[in-house]
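First comes the structure, then the notes that go with it.
And the structure:
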């Protein structure tokens, strides 16, 4: 027999045979499938527009009959795709938001519209026929609606009255659409039990809540029952879902009302009905609630575990995701619902959205905040040309992982988001599983220098398993030709080498009052020559930016190939962000500098400081508790230090940064090489317009140059001297700047040496010649500085003013080894640069009997007298000795080259007092120490032609003081005590014995009575004359009685009718007022009388020189005596008037009836010294 042609295996006849009825189920099963069940798509057209409904319905039926829920490929595909569509409805809000899906409704009422339209009537009639014909088979009803999911112009699927859901017939895998974590639409075929448990429970709840569905969609219900059995067999997690269904929803096989009610309550409690009444067969469809989705994600193992309190309190903490996680199957990271798939790749497109709350979790449709490496790491990194000082700054835990890399450091490439979740402590000392939270590895990759930044993040999984954490990293390679483009494909950033440094003053942090000054030095050249560097300051990591610190640009890179910027911050800070900007102001690179502060509560010691703000030199002494006073010194021996530089201080290759720091900022140590006493000069930016600026910012616009007269002050810096007496309108600003820096150094001393800032006291001194209004101005300035720098209000107990003239007496009084006149009258003379102050004490009294001050001091010899034009270049004495020192310096340029440059700088300004001050300082320079040929003092002492100048100066001083004391009826002084910078002239005059002889002889001649043998002595401090004033002031205020005495003296001096202050004119006038000098006749009389008194004194001096044999005893050249006799009285009237007019410049506060506080007697003598004697004694 040949082949039997039949549609099924049941027929075996050899001829036609009749049909006795419709095809039944057995007939259909007997139909032979030529593809053996491997076809995915139906090959036969079903004569109905509703063929897909039938195919999907039958597919559920077929699979339900297999205990393993397996079937033909077509059935597996149809069921899986229908369930995908069901999940899309269930997650429709997320789907709509992410993919722009739309729901389109078709209702049975629309059929009438087709029937009424002639163009579509045939279609309408055809649909009507099939709807009526298949109403029972497919549950069609008159009010039925079908809802289609539309993606662009493509229908993905719809609801189905036969199977609840179905995909479109031409559905194919759509990788761009996720239906749940890691599962794409129409991709992998999955049964119900393999899907999200929340969705599985929802499907069972629908069929339990609405029992009619079990009858109307029996094929699907049978499928559900078989899936329920499968849940029990597939493991603990699935069994857990099955138990939850029974407990929370009910038995899927039950159809009673009680179970239905329970299931409906479950639906309403855990889901929400889809908007606009979306339903199937009249039963509402539900979607998942977003809060439930978020709650589930919030339990993910990837949820960050922050240490910042604010972040810890957040209800929606982000997930942290990394590529190449490679979790173990035995200990997986739970992502959203399922374990993380190691194959998941996070691409830049996924995190392009900067608002992390708008991001979609990779491999899901869930919008939920998440972070990855790009959120934590910057695209560029900055490399330094030195290793950072890791005692003071965090080095990022950098380690060399290749032998052929240098040991230079990199700035931290972290973005602000790190500090939103973690603390500074986490960054610098935090660990996870024994590994640092942050580290950097310096290495080479394929021969190219690179650095790898590694960040370990603690997440929820870490709390369960300490060795499970997220590791984020980014590799940076060296930028070539300035190309800083980030390589997103390989996650490669670029690093650029930037030559810069910074310094922080002071490097100490306290819980209360903080103030810092930071210097930024920019030497970025080459490709970065046109770039600018700037600093941003932050607290609490990068969360709180410190707004608008006071910023000053001192040096310009385009002029000096080195730029410097200074910042003043009135609060503590945790981080500095270095910003490199191009010539358009665009940021091209950033990096973090992290100081390693030691936070302390401060000490308890009480410090008292004394500040002697002098014309030539300034000195500061400190006294801790009851200890002895000592010059202000600040060492650099611990992590808390005066100044911290980003580079290691021992790195000699950074000498240029050191030089600029000393020139424009402060030295790293206040001590022997750089310290007090210090020249009273200010170094300011030469571009600074001091007239228009509201204030001169200390350590910004200007600084105290502790290198002055020791090293070069640097290009672009302008030195300003004579701060104390200058009539420049901007001088008040300069004084405030100078005193502010002194206060900042004092504050640093207190903080670093365990002091309590609230207990700090400050003693300052004023000359008696200073007007009371100016004294009050300086007092106010000090008070404002104490408030802004120390953070305390100034009172009479912590801000103490003291006349300069009385403090030296208090010093000598506490040193009985040098002071033998406790029961006698003593005269204390403090010789400054611009003024000399005299105090007379009787019988060990703490209260002076007489005080006076006058402008006859060191600058009377070493200055330019009354000239507005500097004359140092024409001063014969200076011309001689500048040439002498110049020759010495030229002889060894390697050793003395820097001193030679300083000499050139100072002589170029031609100010005699500055040139002389430098020449005196040379012997103390570290390059010349212990070499007497550099002693200007010794040179002048042995200059026989000019030594008479200094004897004349000294005798004039003693002559005046002795006459003043005699006029007031005081006894001869047992001692004359000297102090002050200007007292260096005493060593030029002669030895101790010679000074005793000179002084005693003058006083004896004035008083016309002799001393007993050994009853008189000059007392002087040879090595530290400037310190005496400060130390004396500190000794006096150690106890309450001393404080009270000072207050009483100040109070009395403030009274214009006081009897202590005197101004002895040496003529027959006790008082000379401004009105006297304003009246032509009275002025002529006064000038004549003063000049006559000077002539009388000059005659006294010449006779005195003969009586003491000055040529023999003091080795004065006889030619000088003769020249002196010839010239000393020349033009005395002119010199007096010139001196008077110079003293009155900018003296706008004078009152006609006020007494002139200065002594006119000295005016012609000062002029004669400069123009008659210095010009001709050679």
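In full-length UniProt numbering, the protein residues as written are 1 to 1178.
Every residue gets a Cβ at the ideal spot worked out from N, C-alpha and C, and that includes glycine.
Extent of the continuous alpha helix (DSSP H) run through residue 87
Residue 87 -> alpha helix (DSSP H) spans 73-90.
Specify the secondary structure class of residue 1 as computed by DSSP and reduced to three states.
Low local confidence applies: a pLDDT of 45 at residue 1 is under 50, so the model's placement there is unreliable, with the coordinate-based value given in what follows. Here DSSP, grouped into helix, strand and coil, assigns residue 1 to coil.
Return the Cβ separation of residue 645 and residue 497 in integer angstroms, given the expectation that the two are a contact with Cβ distance under 8 Å.
Not a contact, Cβ separation roughly 18 Å.
Rounded separation between residue 884 and residue 393 - CA only:
48 Å
From this set, 665, 946, 1028, which residue's C-alpha is nearest residue 814's C-alpha?
1028
Taking C-alpha atoms, which residue in 1067, 475, 828 lies nearest to residue 450?
475
Beta bridge counterpart(s) of residue 159 as assigned by DSSP:
Residue pairing of residue 159 in beta bridges, as defined by DSSP: 165.
Strictly by DSSP, which residues pair up with residue 577?
536, 592.
For the stretch 435-452 against the stretch 398-418, do three or more pairs of beta-carbon atoms, one drawn from each stretch, fall closer than 8 Å, so that the two count as touching?
yes
Under the DSSP definition of a beta bridge, which residues are partnered with residue 174?
In the DSSP output, where bridge partners are listed per residue, residue 174 has 185.
When burial is assigned at 16 or more other CB atoms within 10 Å of the CB, is residue 359 buried or exposed?
buried
Along the chain, where does the beta strand (DSSP E) that runs through residue 444 open and close?
Run containing residue 444: 438-445, per the beta strand (DSSP E) assignment.
Taking only three categories from DSSP, how would you classify residue 1011?
coil
Straight-line Cα distance separating residue 876 from residue 1175
Spanning the two alpha carbons is a distance of roughly 6 Å.
Nearest candidate by alpha-carbon position, reference residue 480, set 471, 591, 490, 494
The shortest C-alpha separation from residue 480 is found at 494.
What did DSSP end up calling residue 896 once you bin it into helix, strand or coil?
helix
Through-space distance from residue 515 to residue 829, alpha-carbon basis
39 Å
Please work out which residues of its chain come closer than 6 Å, Cβ to Cβ, to residue 350, disregarding the five sequence neighbours upstream and downstream, and give them in chain order.
362
Residue 747 classed as buried or exposed, judged by whether at least 16 other C-beta atoms fall within 10 angstroms:
buried
From the DSSP output, which residues share a beta bridge with residue 388?
Per DSSP, the beta bridge partners of residue 388 are 647.
Residues near residue 1083 in its chain [Cβ-Cβ closer than 6 Å; skip 5 each side]:
1077
Taking residue 764 as part of the alpha helix (DSSP H), name the residues at either end of that continuous run.
Segment 761-766 is the beta strand (DSSP E) holding residue 764; no alpha helix (DSSP H) there.
At the level of alpha carbons, what is the spacing between residue 1081 and residue 1089?
12 Å
If contact is defined by three or more beta carbon pairs under 8 Å, each pair taking one atom from either stretch, is the stretch 1103-1121 in contact with the stretch 1062-1076?
no
To the nearest angstrom, how far is the alpha carbon of residue 377 from that of residue 569?
Distance from the CA atom of residue 377 to the CA atom of residue 569, rounded to whole angstroms, is 27 Å.
With a CB to CB cut of under 7 Å and the five nearest residues on each side skipped, what residues in its chain are close to residue 1102?
1125
Under the rule that 16 or more other beta-carbon atoms within 10 Å means buried, what is residue 159, buried or exposed?
buried
Inter-residue Cα distance where the pair is residue 627 and residue 810
16 Å
Taking its Cβ as the centre, do 16 or more other Cβ atoms sit within 10 Å of residue 853, making it buried, or is it exposed?
buried
Less than 7 Å between C-beta atoms, sequence neighbours within five positions excluded: which residues of the same chain meet that for residue 1163?
1135, 1136, 1139, 1140
Assuming residue 1065 and residue 1132 are in contact, meaning their beta carbons sit under 8 Å apart, how far apart are those beta carbons, in whole angstroms?
Not really, about 15 Å apart at Cβ, beyond 8 Å.
Assuming residue 922 and residue 899 form a contact by the criterion Cβ under 8 Å, report the distance between their Cβ atoms to the nearest whole angstrom.
With a contact defined as Cβ atoms closer than 8 Å, residue 922 and residue 899 qualify at about 7 Å.
Taking Cβ positions, are residue 799 and residue 762 nearer each other than 7 Å?
yes
Assuming residue 193 and residue 200 are in contact, meaning their beta carbons sit under 8 Å apart, how far apart are those beta carbons, in whole angstroms?
7 Å
In terms of residues, what are the limits of the alpha helix (DSSP H) holding residue 460?
460-464
Mind checking whether residue 391 and residue 641 have CB atoms under 7 Å apart?
no
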